[in-house]
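Chemist: I'd like to ask some things about the structure below.
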Amino acid sequence: MSDLRLSPARLLMPASLAAGSSGPRSGPARALCFAALAGGLLIAALGPAVPSAVAASTPMVDLGEASTYAVLSGASVGNTVNAVGAPHTTLRGDLGVKADTQPTGFPPGVVTGAIRVGATAAQAHTDLVAAYNEVAGRTGGTALAGNLAGLTLAPGLHSTAAAVSNTGTVTLDGGGDSNAVFVFKIGGALTMAAAARVTLANGARASRVFWQVNGAAAVGANAKFAGTLMALDALAVGAGTEVNGRALARNGAVSLDSNDVYSAPPAVTIAGGASAMTTDTTPAISGTTDVVAPGIVTVMVAGQTLTAVPSDGVWSVTSAMLANGTYPVLASVSDGAGNSGSAAQQLTVDTVLPVVTIDGGPSETTNDSTPTIAGTSDVAVGTVVRVSVDAQNLTALVHSGGTWNVTPSALGDGTRTVTASVEDPAGNEGSDSRVLTVDTVAPAVTIAGGANALTNDATAQISGTADVAPGTTVTVTLADETLTTAVQAGGAWSVTAAALSDGPHRVVMSVSDAAGNAAASTQTLTVDTVSPAVAIAGGATATTSDLDPTITGTSDAAPGTTVTVSIAGQTMTTLLQANGTWNATPTVVGEGTWTVVASAPDPAGNVGSASQTLTIAGAPAAGPGNTAPTGPTEPAPTPVPPVAPVVTPTPGPAPAPAPAPAPAGGGPAAAVANTTVARDASQKVAGPALSIGTKVTAPAGGRVVVTATGTVKIKGVKKAIKLTSTTKTVAAGQSLTLKLKPKGTKTAARAAVKKIMAAVEKGKRVTATITLKIVDAAGNTRHVKRTVKLTK
Numbered sequence: 001m002s003d004l005r006l007s008p009a010r011l012l013m014p015a016s017l018a019a020g021s022s023g024p025r026s027g028p029a030r031a032l033c034f035a036a037l038a039g040g041l042l043i044a045a046l047g048p049a050v051p052s053a054v055a056a057s058t059p060m061v062d063l064g065e066a067s068t069y070a071v072l073s074g075a076s077v078g079n080t081v082n083a084v085g086a087p088h089t090t091l092r093g094d095l096g097v098k099a100d101t102q103p104t105g106f107p108p109g110v111v112t113g114a115i116r117v118g119a120t121a122a123q124a125h126t127d128l129v130a131a132y133n134e135v136a137g138r139t140g141g142t143a144l145a146g147n148l149a150g151l152t153l154a155p156g157l158h159s160t161a162a163a164v165s166n167t168g169t170v171t172l173d174g175g176g177d178s179n180a181v182f183v184f185k186i187g188g189a190l191t192m193a194a195a196a197r198v199t200l201a202n203g204a205r206a207s208r209v210f211w212q213v214n215g216a217a218a219v220g221a222n223a224k225f226a227g228t229l230m231a232l233d234a235l236a237v238g239a240g241t242e243v244n245g246r247a248l249a250r251n252g253a254v255s256l257d258s259n260d261v262y263s264a265p266p267a268v269t270i271a272g273g274a275s276a277m278t279t280d281t282t283p284a285i286s287g288t289t290d291v292v293a294p295g296i297v298t299v300m301v302a303g304q305t306l307t308a309v310p311s312d313g314v315w316s317v318t319s320a321m322l323a324n325g326t327y328p329v330l331a332s333v334s335d336g337a338g339n340s341g342s343a344a345q346q347l348t349v350d351t352v353l354p355v356v357t358i359d360g361g362p363s364e365t366t367n368d369s370t371p372t373i374a375g376t377s378d379v380a381v382g383t384v385v386r387v388s389v390d391a392q393n394l395t396a397l398v399h400s401g402g403t404w405n406v407t408p409s410a411l412g413d414g415t416r417t418v419t420a421s422v423e424d425p426a427g428n429e430g431s432d433s434r435v436l437t438v439d440t441v442a443p444a445v446t447i448a449g450g451a452n453a454l455t456n457d458a459t460a461q462i463s464g465t466a467d468v469a470p471g472t473t474v475t476v477t478l479a480d481e482t483l484t485t486a487v488q489a490g491g492a493w494s495v496t497a498a499a500l501s502d503g504p505h506r507v508v509m510s511v512s513d514a515a516g517n518a519a520a521s522t523q524t525l526t527v528d529t530v531s532p533a534v535a536i537a538g539g540a541t542a543t544t545s546d547l548d549p550t551i552t553g554t555s556d557a558a559p560g561t562t563v564t565v566s567i568a569g570q571t572m573t574t575l576l577q578a579n580g581t582w583n584a585t586p587t588v589v590g591e592g593t594w595t596v597v598a599s600a601p602d603p604a605g606n607v608g609s610a611s612q613t614l615t616i617a618g619a620p621a622a623g624p625g626n627t628a629p630t631g632p633t634e635p636a637p638t639p640v641p642p643v644a645p646v647v648t649p650t651p652g653p654a655p656a657p658a659p660a661p662a663p664a665g666g667g668p669a670a671a672v673a674n675t676t677v678a679r680d681a682s683q684k685v686a687g688p689a690l691s692i693g694t695k696v697t698a699p700a701g702g703r704v705v706v707t708a709t710g711t712v713k714i715k716g717v718k719k720a721i722k723l724t725s726t727t728k729t730v731a732a733g734q735s736l737t738l739k740l741k742p743k744g745t746k747t748a749a750r751a752a753v754k755k756i757m758a759a760v761e762k763g764k765r766v767t768a769t770i771t772l773k774i775v776d777a778a779g780n781t782r783h784v785k786r787t788v789k790l791t792k
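One point on numbering: in full-length UniProt numbering, the residue at position 395 of the sequence shown is 395, and numbering is uninterrupted.
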């Protein structure tokens, strides 16, 4: 037959091998192998594989489809699952179960072939039964001992009607004949002890050894077994045992545990097949094998012995420099069981080759899905140029001047390799390749902020993203400006506008990718540099006698905007109402002069604010007989915290809290201003009656006279319950808890208390409002109002 020489730098292979198929391992077949050699390639079709002759007296056992199986069972297959990191079972071949029972333990067990269950394994099981019965029908042969330990056996048929064991090592001696056949016909069970061995010697091969067992078979742990084991019943392979052959159970189950099963000799191929050509004087010789690392492929060529460790089934070595000529190449490999395989090739080195080029250099990007591929060659006019792109194989003729061109059918988006090759009359092949990227999709682009954006920066930074190559130019137009910038790593870009007037501006960004696809994005950018107006009711200065005043104001910000109010170290937030008003109430501030600050933002980030100097004074304004109230003024120390009001059941007085230190100051004229009235957010009630108390501390400078009145409101009850107290005199610098009780007769008071208690027990909102009238020794009068919540 003739050889077909291809491009020096182009590898062509059948789809079955390109997809990882190793092809049939036995039986008549045609093999087609390939070698990727830098200078050339030869594809050779090999003739049918012819089995070597076997001993006439002992024919081979025909396993049919069962020959591809490492493990096959009529019932079930179970593999022990060991701890993570422990050894696991590896089957180099197929795994099958005739019954509709999925094998267990795979994974973590590994099967290099296919797993077939039920109908898909039926034919293989039928062929196993036929092979089993064929051996069972053989007669004659040599009598087989009951224990094989220590025996050396010759090729042929060995049979016994009894069970057989092996407690040591049995040696199968091929006598120098690699085609020798060993058949063992055992009438009972077969048992191999732990660490027992079946050893092959003098050319004996596991693929030509067969054990037919009329019963169960058990191979002990850490043993080494060789041959195809066909058991009638269950077949157990012990932990760590190596099977150089097959484990086949006709009727029973197969059990495995951390085993290596080698169902066939290792396969090795040389890319290019039996003969190959290259123009590379230091050619790369490569191929495939089913042996995995740390297995080694040994290659002999021109007196060199080269080795390679396969990776993902592929191996490669590089020869030293070779002169033009033909060299025999031999690649060999051994598996973990000691089986070997080899492949041979005649490698021709020819360095004279034609030149062919593809226009455009090593790579091109286009947005044309049917691009014209053109180039030149120094071969004769009319020579065929073969062009391969995706799955299209195109041809063109070389024209006068050495030019050629082809146009493929529509190509999908993506990157592919275009290869062009020519062959001169001598058979040398020249080739060229390039990477062609078709990209018809416009790049994705964005402007930060989306279709509408708002800023308070007149020289705003406009930014976004584009999925183009870093360094690609982005063009941005807005107002009367055209700005450019480069895309950064990661796809980000940004430009800074010149001063923009308040109001909306149209922004357009555009970019083109390497293929010429253009993309654009637009945005309406509104510039707003005006802060919202904020006002505090009362203006820049205000005075109040309320120790916890409600602070109010207005703003032209959008309703719902958060207004932040600060006073005396307290920061409060409130929402702007639909009518533009806002209010916030601090906890007890205390008498003195305080700075109030209110601020509100707008959506553009502008913040408007207002401040107020607020004086809190409990006494009337200064006049004849009066002195203006005194008290802390920021940043004076914070006033002494008030003591919580007391609510106690009656009868009996409430326990008096510890006196609070009296504020600084003195003299009757200042007595009212410096009187301390305790306040708390809630009062607790209990028992059949109650009294509500509030603690009053007189200033050091003089006594005060205190009278209290009040009301209790129950949510949902229209009429309030009135409270009253007796008038008390508080000595200078002393404290007194003033108690209030419901007004009226004792019976009415008790009824009112009962009503209040019932409401509190039911969880209703119950509040008490207390008004204290405080008169100092100079006759100055002050009123203090408190509202508290009553709870259990």
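Virtual Cβ for every residue (Gly too), placed ideally from N, Cα, C.
Distance check for Thr-524 and Ala-498, CA to CA, integer angstroms please.
Modeler: Position 498 of the sequence shown, counting from 1, holds the residue named residue 498. Position 524 of the sequence shown, counting from 1, holds the residue named residue 524. Going from the Cα of Ala-498 to the Cα of Thr-524 covers about 16 Å.
Chemist: Nearest to Asp-62 by CA position, among Gly-105, Ala-124, His-505, is which residue?
Modeler: Here residue 62 is taken as the residue at index 62 of the sequence shown, counted from 1. For Asp-62, the nearest C-alpha among the options comes from Ala-124.
Chemist: Looking at C-beta atoms only, is the number of pairs between the segment 174-182 and the segment 149-157 that lie closer than 8 Å three or more?
Modeler: Touching, yes, given that three or more Cβ pairs across the two stretches are closer than 8 Å.
Chemist: Should Thr-529 and Asp-502 be called a contact, given that it needs their Cβ atoms to be closer than 8 Å?
Modeler: Here residue 529 is taken as the residue at index 529 of the sequence shown, counted from 1. Here residue 502 is taken as the residue at index 502 of the sequence shown, counted from 1. Contact: yes.
Chemist: Between the Cα of Gly-580 and the Cα atoms of Thr-554, Thr-472, Thr-587, Ile-447, which residue gives the shortest distance?
Modeler: The residue labelled residue 580 in the question sits at position 580 within the sequence shown. Closest by alpha carbon: Thr-554.
Chemist: Can you tell me which of the three DSSP states Arg-765 falls into?
Modeler: For the purposes of this step, residue 765 is taken as residue 765 along the sequence shown, with counting starting at 1. Looking at Arg-765 - three-state DSSP - the assignment turns out to be coil, as it is neither helix nor strand.
Chemist: Measuring straight from C-alpha to C-alpha, what distance separates residue 795 and Val-209?
Modeler: Nothing can be reported for residue 795: it is not among the residues displayed for the chain, which extend from 1 to 792.
Chemist: If contacts are defined as beta-carbon pairs under 8 Å, then residue 849 and Val-534 qualify, I think. What distance do you get, rounded to the angstrom?
Modeler: The displayed coordinates of the chain run from 1 to 792. Any statement about residue 849 would go beyond what the structure contains.
Chemist: In whole angstroms, what separates the C-alpha of Val-381 from that of Leu-91?
Modeler: In the sequence shown, the residue the question calls residue 381 occupies position 381. In the sequence shown, the residue the question calls residue 91 occupies position 91. Going by the C-alpha atoms only, they are around 57 Å apart.
Chemist: Buried or exposed for Arg-434, please, with buried defined as at least 16 other CB atoms from any protein chain shown within 10 angstroms of its CB.
Modeler: Here residue 434 is taken as the residue at index 434 of the sequence shown, counted from 1. By the 10 Å Cβ count, Arg-434 comes out buried.
Chemist: Considering Gln-123, what are the terminal residues of the alpha helix (DSSP H) in which it resides?
Modeler: In the sequence shown, the residue the question calls residue 123 occupies position 123. Here the alpha helix (DSSP H) through Gln-123 covers 119-136.
Chemist: Any idea what DSSP makes of Gly-755, helix, strand or coil?
Modeler: Translated into positions along the sequence shown, residue 755 becomes position 755. With the sequence shown as reference, residue 755 is identified as Lys, and Gly is not the correct amino acid for it. Helix, per DSSP.
Chemist: In the DSSP assignment, the beta strand (DSSP E) including Phe-210 goes from what residue to what residue?
Modeler: Residue mapping note: residue 210 aligns to position 210 of the sequence shown, counting from 1. Phe-210 -> beta strand (DSSP E) spans 209-213.
Chemist: Any chance you could list the beta strand (DSSP E) runs of at least 3 consecutive residues sitting entirely within the segment 394-477, in chain order?
Modeler: Segments of the beta strand (DSSP E) lying fully in the segment 394-477: 403-406, 414-423, 429-438, 445-447, 452-455, 461-466.
Chemist: How long is the line joining the alpha carbons of Gly-295 and Phe-106, rounded to whole angstroms?
Modeler: Here the question's residue 295 lines up with position 295 in the sequence shown. Here the question's residue 106 lines up with position 106 in the sequence shown. For Gly-295 and Phe-106, the distance between alpha carbons rounds to 24 Å.
Chemist: The beta strand (DSSP E) spanning Glu-65 covers which residue range?
Modeler: Taking the sequence shown and counting its residues from 1, one reaches residue 65 at position 65. Per DSSP, Glu-65 belongs to no beta strand (DSSP E) and is neither H nor E.
Chemist: Does residue 881 come out as helix, strand or coil in the three-state DSSP assignment?
Modeler: Since the first residue of the chain shown is 1 and the last is 792, residue 881 is not available in this structure.
Chemist: DSSP beta-bridge partners for Arg-116?
Modeler: The sequence position of residue 116 within the sequence shown is 116, counting from 1. In the DSSP output, where bridge partners are listed per residue, Arg-116 has Gly-96.
Chemist: Taking DSSP's pairing of strands, which residues face Ser-173 in a bridge?
Modeler: Within the sequence shown, numbered from 1, the residue matching residue 173 stands at position 173. Here residue 173 is Asp; the residue named in the question, Ser, does not match the sequence. Answer is Ala-201, bridged to Asp-173.
Chemist: Expressed to the nearest angstrom, what Euclidean distance is found between the alpha-carbon atoms of Leu-436 and Glu-364?
Modeler: Counting from one through the sequence shown, the residue named residue 436 turns up at place 436. Counting from one through the sequence shown, the residue named residue 364 turns up at place 364. Whole-angstrom Cα-Cα distance: 5 Å.
Chemist: Which class does Arg-703 belong to by DSSP, given the choice of helix, strand or coil?
Modeler: Within the sequence shown, numbered from 1, the residue matching residue 703 stands at position 703. DSSP places Arg-703 in coil when its eight states are reduced to three.
Chemist: Can you tell me whether Val-530 sits near the ligand SAM, meaning its C-beta is under 7 Å from at least one heavy atom of the ligand?
Modeler: This structure lacks the ligand SAM; in fact it carries no ligand of any kind.
Chemist: For the beta strand (DSSP E) containing His-158, list its first residue and its last residue.
Modeler: In the sequence shown, the residue the question calls residue 158 occupies position 158. Start and end: 156-160.
Chemist: Measure the C-alpha to C-alpha separation of Leu-723 and Lys-785 and round it to an integer number of angstroms.
Modeler: Position 723 of the sequence shown, counted from the first residue, corresponds to residue 723. Position 785 of the sequence shown, counted from the first residue, corresponds to residue 785. Going by the C-alpha atoms only, they are around 13 Å apart.
Chemist: Looking at C-alpha atoms only, which residue of Pro-559, Asp-548, Ala-451 is the closest neighbour of Ser-521?
Modeler: Position 521 of the sequence shown, counted from the first residue, corresponds to residue 521. Nearest option by C-alpha distance: Ala-451.
Chemist: For the beta strand (DSSP E) that contains Glu-364, what are its first and last residues?
Modeler: For this step, residue 364 is matched to residue 364 along the sequence shown. Its beta strand (DSSP E) spans residues 363-366.
Chemist: Which residue or residues does DSSP assign as beta-bridge partners of Lys-713?
Modeler: For the purposes of this step, residue 713 is taken as the residue at position 713 of the sequence shown. Per DSSP, Thr-767.
Chemist: Val-760 by DSSP, collapsed to three states: which one?
Modeler: To locate residue 760, count along the sequence shown from 1; it is residue 760. In this structure, Val-760 counts as helix in the three-state DSSP scheme.
Chemist: At what residue ranges does the segment 272-332 contain a whole run of the beta strand (DSSP E), taking only runs of 3 or more?
Modeler: Within the segment 272-332, the complete beta strand (DSSP E) runs of at least 3 residues are 275-278, 284-289, 297-301, 304-308, 314-318.
Chemist: So the beta strand (DSSP E) Lys-718 belongs to, where does it begin and stop?
Modeler: As a working note, residue 718 is residue 718 in the sequence shown. That residue, Lys-718, is in no beta strand (DSSP E); it is neither H nor E in DSSP.
Chemist: In the DSSP output, which residue or residues are listed as bridge partners for Phe-182?
Modeler: Translated into positions along the sequence shown, residue 182 becomes position 182. According to DSSP, Phe-182 bridges with Gly-156, Val-209.
Chemist: Looking at Thr-298: is its Cβ nearer than 8 Å to the Cβ of Ser-332?
Modeler: Indexing the sequence shown from 1 puts residue 298 at position 298. Indexing the sequence shown from 1 puts residue 332 at position 332. Going by C-beta atoms, Thr-298 is nearer than 8 Å to Ser-332.
Chemist: Going by the CB atoms, is the gap between Gly-137 and Leu-157 shorter than 8 Å?
Modeler: To locate residue 157, count along the sequence shown from 1; it is residue 157. To locate residue 137, count along the sequence shown from 1; it is residue 137. Not a contact, by the Cβ cut-off of 8 Å.
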